[in-house]
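Asks: This is the structure I have questions about; it appears just below.
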Amino acid sequence: MKSSMVLVEFLLFPGLLFTAIAGLLTTWVDRKVTALVQMRVGPPLLQPFYDIRKLLIKETCVPEDGAVGLFLLAPLLGLAGVTLASMILWRTLLNVQATFVGDLIVLVYLLVMPALSVMLGSFASRNPLASLGGSREVKLMIAYELPLVLAILVPVIQANSIRLGDLLTAQAPIFSLSGALALLVCIACTQAKLTIVPFDMPEAETELSGGALIEYSGPPLAMFKLTRAMMLFTMPVLLVVLFFGGVVSGPGWLPAVTGFLLWFVLVAVTIVVRNTTPRVCIDQAVRFFWGPVSLVALVAVMLAWLGW
Amino acid sequence: MNRTINALTRSLNVFHLAGSACNNCDIEILDALTPRYDLERFGITLVGSIRHADVLLVSGVFNRKAAIRAMELLEQAPKPYLVLGIGGCPCTGLMFRNSYNWDRPPSDYMNIDAFVPGCPPKPEAIISAVVKVVEGLRSGALVPRCLQDATELAETPEAAGTV
Ligand code: SF4
Numbered sequence: 046m047k048s049s050m051v052l053v054e055f056l057l058f059p060g061l062l063f064t065a066i067a068g069l070l071t072t073w074v075d076r077k078v079t080a081l082v083q084m085r086v087g088p089p090l091l092q093p094f095y096d097i098r099k100l101l102i103k104e105t106c107v108p109e110d111g112a113v114g115l116f117l118l119a120p121l122l123g124l125a126g127v128t129l130a131s132m133i134l135w136r137t138l139l140n141v142q143a144t145f146v147g148d149l150i151v152l153v154y155l156l157v158m159p160a161l162s163v164m165l166g167s168f169a170s171r172n173p174l175a176s177l178g179g180s181r182e183v184k185l186m187i188a189y190e191l192p193l194v195l196a197i198l199v200p201v202i203q204a205n206s207i208r209l210g211d212l213l214t215a216q217a218p219i220f221s222l223s224g225a226l227a228l229l230v231c232i233a234c235t236q237a238k239l240t241i242v243p244f245d246m247p248e249a250e251t252e253l254s255g256g257a258l259i260e261y262s263g264p265p266l267a268m269f270k271l272t273r274a275m276m277l278f279t280m281p282v283l284l285v286v287l288f289f290g291g292v293v294s295g296p297g298w299l300p301a302v303t304g305f306l307l308w309f310v311l312v313a314v315t316i317v318v319r320n321t322t323p324r325v326c327i328d329q330a331v332r333f334f335w336g337p338v339s340l341v342a343l344v345a346v347m348l349a350w351l352g353w
Numbered sequence: 110m111n112r113t114i115n116a117l118t119r120s121l122n123v124f125h126l127a128g129s130a131c132n133n134c135d136i137e138i139l140d141a142l143t144p145r146y147d148l149e150r151f152g153i154t155l156v157g158s159i160r161h162a163d164v165l166l167v168s169g170v171f172n173r174k175a176a177i178r179a180m181e182l183l184e185q186a187p188k189p190y191l192v193l194g195i196g197g198c199p200c201t202g203l204m205f206r207n208s209y210n211w212d213r214p215p216s217d218y219m220n221i222d223a224f225v226p227g228c229p230p231k232p233e234a235i236i237s238a239v240v241k242v243v244e245g246l247r248s249g250a251l252v253p254r255c256l257q258d259a260t261e262l263a264e265t266p267e268a269a270g271t272v
């Protein structure tokens, strides 16, 4: 493929522009549903776009004795990571033969980048509250990555391949016991990966007043917000691809519509959980993920191995 | 300029800077942000860090030591931002005017863009003030003072002494 074509794919479709718009619309859904839960009207459709546009005209403040280079580079890192991840996913969805063997491993690593960028940015800002948020982010990541990777192994074992295209065309893992268990684990881990309630301790507004991102303003903050929005859109897409493979692939419009509905259900679950649970402590979160969640993930892997 | 104002006024992030208020104004501010009034309809949300803020709501007065900190905090806000004085205190000092530990009302040393009168003002009054400020900004009648002073200083050097 020509390099100019890759650039177009990265910047426009299905890369940055597409994912950004889809992500911001997803955050609107999130805010609107939250508003409805609280019995109010909620923001207009374009509110997330207004927020980003406003941040772009604001001044960029740089902490005096922080690591300025890293401070400004960190948001770019996260944005690039999630853009690439979304690009790989959507190229597979559009054409199952489009990507390479082992793209799932690349994807899992790329989806770590946003959390990594938050950590780097918070430590680079040399703000005590930001460092506290950053260290919580580290602990949270250590907690949820183990069960998440274990759960992702289940579709891999069932399809006997680590290529997204093969997972997409194989029989959907959700119809087996191991697949259903793995999906539950993945939903819990997604909540933590997106750092939303009940696992939003890195940004705990009441204790850390913005936490990891406390020193960010203007365009770099806009990049972080965009990264989060894009993650909110991309993670459910990944789950649909992993666990509903056979259902959402194939010709015609029916698989596409089913895929969209499944994606919407996953987003809705995330939002409802966010609105009905309080924030937990960081030690409770680590215990939760390393205890019951990892156990369920392990059982799911074994069941998948036995062909259940 | 107009595009800046348009972008700013459609998404106002509010930061609450409480001096030594008697706490009534703070409670009314929180009231205004509750689901009953639903300010998110207009893109107004409360943020925890001054770096994310577009509007600073100042309530109460600052004593001598707190005033220095408040001014330091104000310098950390990314431009363009607005400062709103909630209640009578930031304007005149009101019932704190005879206190031993304060010097002047915040309006003397802070660039406050608009005052919301009342002791305390009702949430409706705060919202109507925000609406008026937004309208003023859009029509050009009001220019954020953080932007205004920079241009004034550039034109007339002696203006610096009067601030
Ligand atoms: S204006 Fe009145 S209610 Fe508000 S802080 Fe001052 S004294 Fe209290």
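For the record, the sequence lines run as chains A and B. If you read the first sequence in this note's numbering, its first letter stands for residue 46, the second for the next number, and so on. If you read the second sequence in this note's numbering, its first letter stands for residue 110, the second for the next number, and so on. Positions of the beta carbon are idealized from the N, C-alpha and C atoms, including for glycine. What you are looking at is a predicted structure, and each value in this text was computed from that prediction instead of being measured.
Any C-beta of chain B within less than 8 Å: which residues of the stretch 104-118 of chain A qualify?
Replies: Correct list: Glu104, Thr105 and Cys106.
Asks: Taking 8 Å as the threshold, find out whether the stretch 265-280 of chain A comes into contact with the stretch 167-179 of chain B through three or more Cβ pairs.
Replies: Segments in contact, no.
Asks: When the distance is taken between beta carbons, is glycine 178(A) closer than 8 Å to glutamate 248(A)?
Replies: Yes, the Cβ-Cβ distance between glutamate 248(A) and glycine 178(A) is below 8 Å.
Asks: Around the C-beta of tryptophan 308(A), are 16 or more other C-beta atoms found within 10 angstroms, so that it is buried, or is it exposed?
Replies: By the 10 Å Cβ count, tryptophan 308(A) comes out buried.
Asks: Is the CB of serine 120(B) under 8 Å away from at least one CB in chain A?
Replies: So yes, serine 120(B) belongs to the interface.
Asks: Could you tell me which of Leu351(A), Met246(A), Pro200(A) and Leu152(A) sits nearest to alanine 217(A), measuring between CA atoms?
Replies: Residue Pro200(A) is the option with its Cα nearest to alanine 217(A).
Asks: Would you grab the beta carbon distance between serine 163(B) and leucine 121(B) for me? Rounded to a whole angstrom, and I think it's under 8 Å.
Replies: Sequence inspection shows aspartate at residue 163(B); the serine mentioned does not correspond to that position. 5 Å between Cβ atoms; contact.
Asks: Quick one: does alanine 80(A) have its CB under 8 Å from some CB of chain B?
Replies: By this cut-off, alanine 80(A) is an interface position.
Asks: If I'm right that glycine 68(A) touches methionine 132(A) with Cβ under 8 Å, what's the distance once you round it to whole angstroms?
Replies: In fact, because the Cβ distance is near 13 Å, the residues do not count as touching under 8 Å.
Asks: Rounded to the nearest angstrom, what separates alanine 196(A) and leucine 228(A) at their Cα positions?
Replies: Taking the straight line joining both Cα atoms gives about 7 Å.
Asks: Is the beta carbon of isoleucine 195(B) less than 8 Å from the beta carbon of valine 167(B)?
Replies: Yes.
Asks: When you compare the CB positions of alanine 127(B) and isoleucine 235(B), do they come within less than 8 Å of one another, or not?
Replies: Not closer than 8 Å, so no.
Asks: Just checking my contact of arginine 324(A) with methionine 246(A) at CB under 8 Å: how many whole Å lie between their CB atoms?
Replies: Indeed, because the Cβ distance is near 6 Å, the residues count as touching under 8 Å.
Asks: Which residue's Cα is closest to the Cα of cysteine 106(A): Ala186(B), Gly169(B) and Val170(B)?
Replies: Comparing Cα-Cα distances from cysteine 106(A) to each of Ala186(B), Gly169(B) and Val170(B), the minimum goes to Ala186(B).
Asks: Spatial neighbours of phenylalanine 94(A) within its chain, please: C-beta separation below 7 Å, excluding the five flanking residues on both sides.
Replies: For phenylalanine 94(A), where only same-chain residues beyond five positions count, the Cβ hits under 7 Å are Leu69.
Asks: Who are valine 123(B)'s beta bridge partners in DSSP?
Replies: In DSSP, valine 123(B) forms a bridge with Leu155(B) and Val164(B).
Asks: So, for isoleucine 114(B): in the same chain, excluding its five sequence neighbours on each side, which residues have a beta-carbon less than 7 Å away from its beta-carbon?
Replies: Answer for isoleucine 114(B): Leu246 and Arg247, listed in chain order.
Asks: Can you check which of these residues, Pro189(B), Gly152(B) and Pro214(B), is closest to leucine 256(B) by C-alpha distance?
Replies: Checking every option, the nearest Cα to that of leucine 256(B) belongs to Pro189(B).
Asks: Beta carbon of serine 168(B): closer than 7 Å to some heavy atom of ligand 1?
Replies: Yes, ligand 1 has a heavy atom inside 7 Å of this Cβ.
Asks: Arginine 273(A) CB to nearest chain B CB: under 8 Å?
Replies: Arginine 273(A) does not count as touching chain B.
Asks: Going by C-alpha distance, which of Gly297(A), Met280(A), Ser262(A) and Trp350(A) is nearest lysine 103(A)?
Replies: Nearest option by C-alpha distance: Ser262(A).
Asks: Starting from serine 129(B), find everything on chain A with Cβ-Cβ shorter than 9 Å and list it in chain order.
Replies: Residues of chain A passing the Cβ test: none, with the nearest at roughly 20 Å.
Asks: What three-state label does DSSP hand valine 86(A) in the structure shown?
Replies: Valine 86(A) falls in the coil class under three-state DSSP.
Asks: Can you give the Cα-Cα distance for threonine 279(A) and threonine 64(A), rounded to whole angstroms?
Replies: Straight-line Cα distance between these residues: approximately 8 Å.
Asks: Does the CB of glutamate 182(A) have a neighbour CB from chain B at under 8 Å?
Replies: For glutamate 182(A), the answer is no, since every Cβ of chain B falls outside 8 Å of its Cβ.
Asks: Distance cutoff 8 Å, beta carbons only. Does arginine 332(A) sit that close to anything in chain B?
Replies: Chain B, which has no Cβ nearer than 8 Å to the Cβ of arginine 332(A), makes this no.
Asks: Within 8 Å, do at least three Cβ pairs link the stretch 73-82 of chain A to the stretch 144-151 of chain A?
Replies: No, they do not touch.
Asks: Of all the CB atoms in chain B, is at least one closer than 8 Å to the CB of serine 126(A)?
Replies: The question names serine, but residue 126(A) in the sequence shown is glycine. Not one chain B Cβ lies under 8 Å of glycine 126(A).
Asks: Compute the distance between the beta-carbons of valine 338(A) and proline 192(A), then report whether it is under 8 Å.
Replies: Yes. Within cutoff.
Asks: Listing by chain order, which chain A residues have their CB less than 8 Å from the CB of aspartate 147(B)?
Replies: Those are Ala80, Arg85, Val86 and Gly87, listed as they occur along chain A.
Asks: Using 8 Å as the limit for Cβ to Cβ distance, is glycine 249(B) near chain A?
Replies: Chain A, which has no Cβ nearer than 8 Å to the Cβ of glycine 249(B), makes this no.
Asks: Does the beta carbon of glutamate 261(B) sit closer than 8 Å to a beta carbon anywhere in chain A?
Replies: Interpretation of glutamate 261(B) is limited by its pLDDT of 48, a score under 50 that renders its predicted location unreliable; no figure is taken from the coordinates.
Asks: Identify, in the order they occur along the chain, each residue of the same chain with its Cβ nearer than 8 Å to the Cβ of leucine 101(A), setting aside the five sequence neighbours on each side.
Replies: Cβ within range, chain order: Gly263, Pro264 and Ala267.
Asks: Using a Cβ cut-off of 8 Å, pull out every chain A residue sitting near valine 123(B), in sequence order please.
Replies: Chain A residues near valine 123(B): none, gap ~13 Å exceeds 8 Å.
Asks: Should serine 168(B) be flagged as near chain A, meaning a C-beta pair shorter than 8 Å?
Replies: So, not an interface residue.
Asks: From the beta carbon of isoleucine 102(A), is the nearest beta carbon of chain B less than 8 Å away?
Replies: True, the Cβ-Cβ gap to chain B drops below 8 Å.
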